[in-house]
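Following: one structure in structure tokens, then a few remarks.
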Amino acid sequence: MNFFKQWGSFMMAGARYHARWELQMSMNILKSRKRLLLLLLLLLPVAIGGYVFAGDIAGAMPDIIGGKEAYNPSFYSLNIFIVSILIGLGAGLITGCIGAGGGFIIAPALMSAGVKGILAVGTDLFHIFAKAIMGSIIHRKLGNVSVPLAAVFLIGAILGATAGGVINRVLYELNPVLSDAFITTVYALMLGFLGFYAMYDFLKAKKSMAGGEDQGGGAHGGKAEGADLGGLPRKLQGVNIPPMVKFDFDFTPGGRSISWVFLVLSGALVGLAAGIMGVGGGFLTFPIFVYMLGVSSMTTVGTDIFQIVFTAGYASISQYAIYGFIFYTLAMGMLLGSLFGIQVGAMVTKVVPGITIRGFYAMAVMAGFVNRFFALPAKLGGMGVINISKGMGSFLETIGVWAFFIVIGGFGVWVIGTFLKNIGTLRGEGEHI
12 MNFFKQWGSF MMAGARYHAR WELQMSMNIL KSRKRLLLLL LLLLPVAIGG YVFAGDIAGA
72 MPDIIGGKEA YNPSFYSLNI FIVSILIGLG AGLITGCIGA GGGFIIAPAL MSAGVKGILA
132 VGTDLFHIFA KAIMGSIIHR KLGNVSVPLA AVFLIGAILG ATAGGVINRV LYELNPVLSD
192 AFITTVYALM LGFLGFYAMY DFLKAKKSMA GGEDQGGGAH GGKAEGADLG GLPRKLQGVN
252 IPPMVKFDFD FTPGGRSISW VFLVLSGALV GLAAGIMGVG GGFLTFPIFV YMLGVSSMTT
312 VGTDIFQIVF TAGYASISQY AIYGFIFYTL AMGMLLGSLF GIQVGAMVTK VVPGITIRGF
372 YAMAVMAGFV NRFFALPAKL GGMGVINISK GMGSFLETIG VWAFFIVIGG FGVWVIGTFL
432 KNIGTLRGEG EHI
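Numbering-wise, the sequence shown is residues 12 to 444 according to our numbering.
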């Protein structure tokens, strides 16, 4: 039980940090006319060009990029574009309102909409890279970026992202169904663990609040972690395997230091997660840096913003884009939808009790788990691993798809409805800021 609590809180901290990162990137884009114009310039050629030349490109492109129709990133229809915006909107509403990792639902949502797993991963990675490169504000001027930390970390991240991309591509070459089954299994395990912990956390908080005070959503604030070292960071920083990388000079005279070995291993883990799952790996960077390596949260945030551009960019371009595993129209649509969703969701937190937000997060993650778990039997049956009829496999998969979109769609309707209902109050608060 202690292991469950420890690793559950570890993953929850990462999910919350990832949400804060998403919110900051979106705000940076929306506050800049130049960045909004850049988004429009990126979006129009993909949408208009894909619509006009879809038929010709769909026939010619596979021969250029590998000869497999499943690679084709250029197929376009208005329905696909609308679906991508809705998926981005749903992820943005979860991220902004719940404050904990709405990006986790993107790949399951794309796969449920009929996109192959490897294409969903590549597209999600490119979407993260586009958001990072457009919304990034490098904290170097504030002294919050540790270039040595980021540089050594990136060595491992590049190695890990390469390994993750190779694994996905090799499995796809062997059998596209095997590739989908592998990605589905990874997501089912991650979402299952996180979902059960989130539900446990919600029920525990609800029970403890009887006659108490609302603890809030826990995503948009909190103390500055990492100033005081725990037991594990002390042990790791005490291992002297040169060269030692120094950081956090503001917290300790002379700074702290840690061996390059731990940074490379941490980067490799984050890069592997990014390469396989397409989530950018940012949800792992914060808890690893703060709770394992003993880096202050201030340095972690600045350094991660610095490195995620390179990690997501390298993984999306070198491991997926050049092989044709990116659906650019979907990526731009998701980016557009998420920018709106995050803003609405963040404003709704001002008028909704934190305990309600926790409950919705648990439901959203559990819906993602159910979606991927119910999709597994059909994929395993298609490979002959289990004995299940196509009809039963399809029936179970349909249940998972409906359960997922009903929960996410219902949540989206509730958030937007709450926003519209309280728009006067929210506008008044905005005028006093």
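Glycine included, every Cβ here is placed at the ideal spot set by N, Cα and C.
| Unbroken beta strand (DSSP E) run spanning Ser123, endpoints | From DSSP, Ser123 is part of no beta strand (DSSP E) but of the alpha helix (DSSP H) over 117 to 123.
| Rounded C-alpha distance that separates Leu350 from Val256 | Here the alpha carbon of Leu350 sits roughly 36 Å from the alpha carbon of Val256.
| query | Do Val327 and Ile337 have their CB atoms nearer than 8 Å? | reply | A small correction: the amino acid at residue 327 is Ser; Val does not occupy that position in the sequence shown. In this structure, Ile337 lies closer than 8 Å to Ser327 by Cβ.
| query | What are the complete beta strand (DSSP E) segments, minimum 3 residues, inside the stretch 326 to 359? | reply | For the stretch 326 to 359, not a single whole beta strand (DSSP E) run of length 3 or above is found.
| Excluding the five sequence neighbours on either side, which residues of its own chain have a C-beta within less than 7 Å of the C-beta of Lys217, listed in chain order? | For Lys217, the CB contacts under 7 Å within the same chain, skipping 5 residues up- and downstream, are Ile366 in chain order.
| request: Within its chain, find whatever has a CB closer than 8 Å to the CB of Leu41; leave out the 5 residues flanking it on each side and keep chain order. | output: Within its own chain, the residues whose Cβ lies closer than 8 Å to the Cβ of Leu41, once the five positions on either side in sequence are excluded, are Leu47, Leu350, Gln354, listed in chain order.
| Status (buried if at least 16 other CB within 10 Å, exposed otherwise) for Phe297 | Buried, since its Cβ has 16 or more Cβ neighbours within 10 Å.
| said: Going by DSSP, what residue range makes up the beta strand (DSSP E) through Lys257? | reply: For Lys257, the uninterrupted beta strand (DSSP E) run begins and ends at 255 to 258, by DSSP.
| Near Phe64, what residues of its chain come up, given a Cβ to Cβ distance below 7 Å and the 5 sequence neighbours on each side ignored? | Only weak support is given to the placement of Phe64: the predicted model assigns it a pLDDT of 48, under 50, and the value that follows is read from those uncertain coordinates. In the same chain as Phe64, and ignoring 5 residues on each side of it, no C-beta atom comes closer than 7 Å to its own.
| query | Does the beta-carbon distance from Gly282 to Leu170 come in below 8 Å? | reply | Going by C-beta atoms, Gly282 is nearer than 8 Å to Leu170.
| field | Burial state of Glu184 (16 or more Cβ within 10 Å) | value | Around the beta-carbon of Glu184, fewer than 16 other beta-carbon atoms lie within 10 Å, marking it exposed.
| Tell me, which residues are paired with Arg475 by DSSP? | There is simply no residue 475 to check, as the chain begins at 12 and stops at 444 in what is shown.
| Does the stretch 247 to 266 come close enough to the stretch 93 to 100 that 3 or more CB-CB pairs lie under 8 Å? | Judged by Cβ distances under 8 Å, the stretch 93 to 100 makes no contact with the stretch 247 to 266, as fewer than three pairs qualify.
| Distance between Gly352 and Met358 (C-alpha atoms, nearest Å) | Rounded to the nearest angstrom, the two C-alpha atoms are 10 Å apart.
| field | Span separating the alpha-carbon of Ile75 from that of Thr195 | value | The predicted model places Ile75 with a pLDDT of 35, which falls under 50 and marks its position as unreliable; any figure quoted below should be read in that light. Rounded to whole angstroms, Ile75 and Thr195 show a C-alpha spacing of 29 Å.
| With burial defined as no fewer than 16 other Cβ atoms inside 10 Å of the residue's Cβ, what is the status of Asn398: buried or exposed? | Per the 10 Å Cβ criterion, exposed.
| query | Between the Cα of Pro388 and the Cα atoms of Leu104, Leu189, Ile91, Val177, which residue gives the shortest distance? | reply | Per the Cα distances, Leu189.
| query | What number of angstroms, rounded off, separates the C-alpha of Ser43 from the C-alpha of Gly242? | reply | Our two residues, Ser43 and Gly242, have alpha carbons roughly 43 Å apart in a direct line.
| Considering only residues of the same chain and omitting the five flanking positions on each side of Tyr325, which have a CB-CB separation below 7 Å? | Closer than 7 Å at the Cβ level, and outside the excluded window around Tyr325, lie Ile169, Ala172.
| Any idea if Thr436 is buried or exposed, counting beta-carbon neighbours within 10 angstroms, 16 or more meaning buried? | By the 10 Å Cβ count, Thr436 comes out exposed.
| message | Counting C-beta neighbours from all protein chains within 10 Å, is the total for Arg383 16 or more, i.e. buried, or is it exposed? | response | Under this definition Arg383 is a buried residue.
| task | Alpha carbon to alpha carbon, how far is Ile91 from Gly206? Give it in angstroms, no decimals. | result | So the alpha carbons of these two residues sit roughly 29 Å apart.
| query | Below 8 Å between beta carbons: does that hold for Leu274 and Val163? | reply | Against a cut-off of 8 Å, the Cβ pair of Val163 and Leu274 comes out as a contact.
| Local conformation of Val126 per DSSP, three classes | Secondary structure of Val126 (DSSP, three-state): coil.
| said: Using only CA atoms, which one of Val290, Asp191, Phe416 lies nearest to His138? | reply: When only C-alpha atoms are compared, the closest one is Val290.
| Closest Cα partner of Thr314 within the set Leu295, Ser157, Leu34 | The closest CA to that of Thr314, considering only Leu295, Ser157, Leu34, is found on Ser157.
| said: Among Gly176, Gly335, Ile368, Ala199, whose alpha-carbon lies nearest the alpha-carbon of Trp425? | reply: Minimum Cα distance to Trp425 is reached at Ile368.
| request: Helix, strand or coil for Gly282, going by three-state DSSP, please let me know. | output: Helix, per DSSP.
| query | Taking the C-alpha atoms as reference points, what is the distance between Ile117 and Val376? | reply | Going from the Cα of Ile117 to the Cα of Val376 covers about 11 Å.
| request: Would you identify the three-state DSSP class for Ile410, choosing helix, strand or coil? | output: Annotated three-state conformation of Ile410 is helix, per DSSP.
| Does the beta-carbon distance from Gly278 to Gln330 come in below 8 Å? | The Cβ atoms of Gly278 and Gln330 lie no closer than 8 Å to each other.
| field | C-beta atoms of Met145 and Leu51 nearer than 8 Å | value | No, these two residues do not count as a Cβ contact at 8 Å.
| Is it true that the CB of Phe380 sits closer than 8 Å to the CB of Gly203? | A contact, by the Cβ cut-off of 8 Å.
| said: Is the beta carbon of Leu104 closer than 8 Å to that of Phe422? | reply: Taking 8 Å as the Cβ cut-off, Phe422 and Leu104 qualify as a contacting pair.
| message | Short of 8 Å in beta carbon distance, which residues of its chain neighbour Val362, apart from the five on each side in sequence? Order them along the chain. | response | Once the five neighbours on either side are set aside, the close Cβ partners of Val362 are Thr429, Asn433, Thr436, Leu437.
| query | According to DSSP, is Ile444 helix, strand or coil? | reply | Low per-residue confidence applies at Ile444: pLDDT is 44, beneath 50, and the placement is therefore not dependable, though the value from the model is reported in the following sentence. Residue state, collapsed to three classes: coil.
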